[in-house]
Amino acid sequence: MKTVSKAIVESLAEYGVTHAWGVVGDALNPLTDAIREEPSMEWVGVRHEEAAAFAAGAQAQLTGRLGLCMGTVGPGSIHLLNGLYDAKKSHAPVLAICGQVPTSEIGSSFFQEVNNDLLFSDVAVFAQTVTSADQMPQLLEQAVNAAISNRGVAVLTVPGNVGGMKLEKNVRPAKFTPQAAQAAAPLRQIDEAAQVLQDAQKVTLLVGMGAREARAEILELAERLQAPMVLTLKAKESLESENNYQVGQTGLIGNPAAAAALDEADVVFMIGTDFPYRDWYPSGKTVIQLDMRAEHIGRRTQVSHALVGHVEPSLKQLLPKLPAGRADKHLASIRKQYERWLERQGRITDPDRDRGLVGKVRSLVENPEEFIRPEAVAAQLDQKAARDAIFTVDTGMSTVWLSRFIEMRGERRLLGSFNLGSMANAMPQALGAQALDRSRQVIANCGDGGLMMLLGDLRTAVTYKLPVKFIVYNNGRLGMVKLEQEQGGLEEFGTELDNPDLSQVAHAMGINSQLVTKPEDIAASIDSALASDGPYLLDIRTNPQEISLPPKTTASDAWGFAIAKSKEAIESP
């Protein structure tokens, strides 16, 4: 007779779940013991449950399959929350199995007791507690089916005494429903959109992650419409490389050409995107939006024509209705602006650019010899990383450097906390990615603030032989916050980080590492890291004064920055 825990683990393993991430103890003991006996599932014991949830979410995003994490009674489950919110906002199917006090103690304010069903009610599409063996396998099926069909988080709580309960001999194994087939938008919606696109003089595409599996159709659409293509950050995968229509990103991390492409268009066609920043949408345009989720339509900007359906089948219906031969004046103008911007960016990445300038800016840096442009680091990574590398990136300035200087060519993949915007995501997401394939190159682009937040899980890479390469953009700052303060005319405050030598910390944890302080050492240090068989950390001391200008700056932005810098200069000792 199987126990509840063994039935859960066997069913998930048969479904294709290969890893369980968490911290052992208490109510999870029957479950982790079942994992110990399951040859097709690997237990990865992390140092902090937040890392477990980030890792499981990363695996779900990369594979489209269910990710699995676990947290034990009370605090252990609470620690999952941040990573689970990231999975929710990234539409990643994740199952969190949480421990609970014995059923006889539920509701008694027992030691460590937390109401998990209430706690996870906002983050989860399903949150229920198993209180009897008779509820299996139905509750497990409901949890997994909800996570897969809604592309979200399901939470199944298993009290300590329930996990070891025996199932009846005739209880059937869990069966999970397959994913629904993709469906095109209704023909009437497609016909209306086709007419608008035919009549438009200047069309710009704003393309998101929902279009990544429809590369051929997106490129044909751009060709027929002669439309520049603005990509969201998550659309860099699949759509950035070998694409003569794309003009990079808009928003704070974007470029002037992408902003102009939207501003100068008659029609903006949003495809598979929920780009959230309202201020970066142009006003007074005819907007068409194609999205599989009806709730996304019109929630960022006013939409004139909605197409509710999956991108690939919808575009296959739309394309034959759009004649070729449109004039390319709009596309040519925007692409010319984009290429000029790329040329300027290329000059910035020269490691020798700042030689001779150190003396002039000596007052701005604590250690003039440690003067490395983060752009140069990202550019070298782009050149040297494998064509199938998986990149993870921390929120903040690290995201800026990756978005502008690392191209997602070949089979490269990209993960970040792009919707939740959490700190500390890059390292645990890289652990999750690397566990899927220990032979594939995984590169975590870490901010110093983000890495320090979950520092303990660097050791997880050693324990489980995960050869992640950790590239730390160490500017001793919360760089994006510093920029926000100064842009608003505020003196920098509370952003400086008193970091240890992170290369020495990594070395103490059993990770090969190197401290990089000179621009001329960037290339060789990256070569050493990427050639290493095991995990490797580069602590690269980047210029804390390096900033990223948005595509459009106002006079108030410039004035605020000038005022802030004046205050800092006057009040500095």
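Just so you know, the sequence shown maps onto residues 129 to 701 in this note's numbering.
Glycine included, every Cβ here is placed at the ideal spot set by N, Cα and C.
Would you report the Cα separation of residue i and residue j, rounded to the nearest angstrom?
| i | j | result |
| --- | --- | --- |
| Glu370 | Gly538 | 9 Å |
| Phe248 | Tyr405 | 27 Å |
| Val222 | Asn243 | 20 Å |
| Gln562 | Ser660 | 14 Å |
| Arg468 | Leu156 | 57 Å |
| Thr305 | Val331 | 40 Å |
| Gly288 | Met555 | 31 Å |
| Phe621 | Gln613 | 8 Å |
| Val174 | Asp585 | 6 Å |
| Glu345 | Ser531 | 24 Å |
| Ala514 | Gly379 | 28 Å |
| Leu447 | Ile206 | 48 Å |
| Asn602 | Leu349 | 42 Å |
| Tyr592 | Ala552 | 20 Å |
| Thr160 | Val290 | 14 Å |
| Val436 | Ala302 | 33 Å |
| Phe254 | Ala271 | 6 Å |
| Thr257 | Leu140 | 18 Å |
| Glu241 | Ile234 | 7 Å |
| Gln307 | Ser277 | 6 Å |
| Arg587 | Ala181 | 17 Å |
| Ser260 | Ala162 | 18 Å |
| His176 | Thr670 | 28 Å |
Based on the DSSP output, what are the partners of residue i in its beta bridges?
| i | result |
| --- | --- |
| Lys413 | Looking at the DSSP assignment, Lys413 forms no beta bridge with any residue, so it has no partner. |
| Phe519 | Leu542, Ile571 |
| Val596 | Beta-bridge pairing links Val596 to no other residue. |
| Glu624 | Arg605 |
| Ser641 | Leu665 |
| Val145 | For Val145, which the question treats as bridged, DSSP gives no partner whatsoever. |
| Gln307 | According to DSSP, which records beta bridges pairwise, Gln307 is partnered with nothing at all. |
| Lys294 | Thr131 |
| Leu353 | BP columns for Leu353 are empty, so no partner. |
| Pro287 | Gln228 |
| His433 | Ile416 |
| Glu423 | Answer is none; Glu423 lacks a bridge partner. |
| Ala282 | Leu223, Phe254 |
| Val335 | Leu359, Ile399 |
For residue i, count the other beta carbons within 10 Å of its own beta carbon; 16 or more makes it buried, fewer makes it exposed. Which is it?
| i | result |
| --- | --- |
| Phe239 | exposed |
| Pro203 | exposed |
| Leu315 | exposed |
| Leu246 | exposed |
| Pro356 | buried |
| Arg475 | exposed |
| Glu365 | buried |
| Asn573 | buried |
| Asn298 | exposed |
| His147 | buried |
| Ser567 | exposed |
| Ser237 | exposed |
| Lys646 | exposed |
| Pro502 | buried |
| Asp250 | exposed |
| Gly544 | buried |
| Asp407 | exposed |
| Gln377 | buried |
| Gly192 | exposed |
| Asp419 | buried |
Among the candidates the options, whose CA atom is the shortest distance from the CA of residue i?
| i | options | result |
| --- | --- | --- |
| Ala342 | Lys597, Leu367, Arg568 | Leu367 |
| Ala634 | Tyr664, Leu618, Asp161, Ser411 | Tyr664 |
| Arg454 | Ile206, Asp327, Val253 | Asp327 |
| Leu361 | Met337, Glu348, Ala261 | Met337 |
| Pro679 | Thr588, Ala271, Ala389 | Ala389 |
| Ala521 | Asp319, Ile500, Leu559, Pro672 | It is Val, not Ala, that sits at residue 521 in the sequence shown. Minimum Cα distance to Val521 is reached at Leu559. |
| Asn372 | Val396, Leu347, Gly382, Asp394 | Leu347 |
| Leu440 | Ile163, Val132, Ala311, Ala506 | For clarity, residue 440 is Glu in the given sequence; the question names Leu instead. Ranking Ile163, Val132, Ala311, Ala506 by Cα distance to Glu440 puts Ala311 first. |
| Leu630 | Ala363, Phe519, Gly150, Ile599 | Ile599 |
| Met198 | Ile225, Gln189, Thr191, Lys216 | Ile225 |
| Glu702 | Met169, Gly150, Ala179, Val152 | The structure shown does not extend to residue 702, since the chain spans only 129 to 701, so no value can be given for it. |
| Met525 | Ala506, Asp649, Leu542, Ala422 | Ala506 |
| Ile500 | Ala386, Gly604, Ile399 | Gly604 |
| Glu142 | Pro167, Val151, Val132 | Pro167 |
| Leu209 | Ser232, Ala184, Leu190 | Ala184 |
| Val324 | Gln266, Phe397, Met293 | Phe397 |
| Leu666 | Gln673, Glu674, Gln417, Ser656 | Ser656 |
| Asp402 | Arg164, Leu359, Phe519 | Leu359 |
Against chain C, with Cβ distances strictly below 8 Å, would residue i count as a contact?
| i | result |
| --- | --- |
| Val395 | Annotation note: the requested chain C is absent from the structure, which comprises a single protein chain. |
Just to confirm the assignment: which complete alpha helix (DSSP H) runs, minimum length 4, are found wholly within the segment 231-262?
244-247
What residue ranges within the segment 362-419 form continuous beta strand (DSSP E) runs of no fewer than 3 residues, ordered along the chain?
395-399, 414-419
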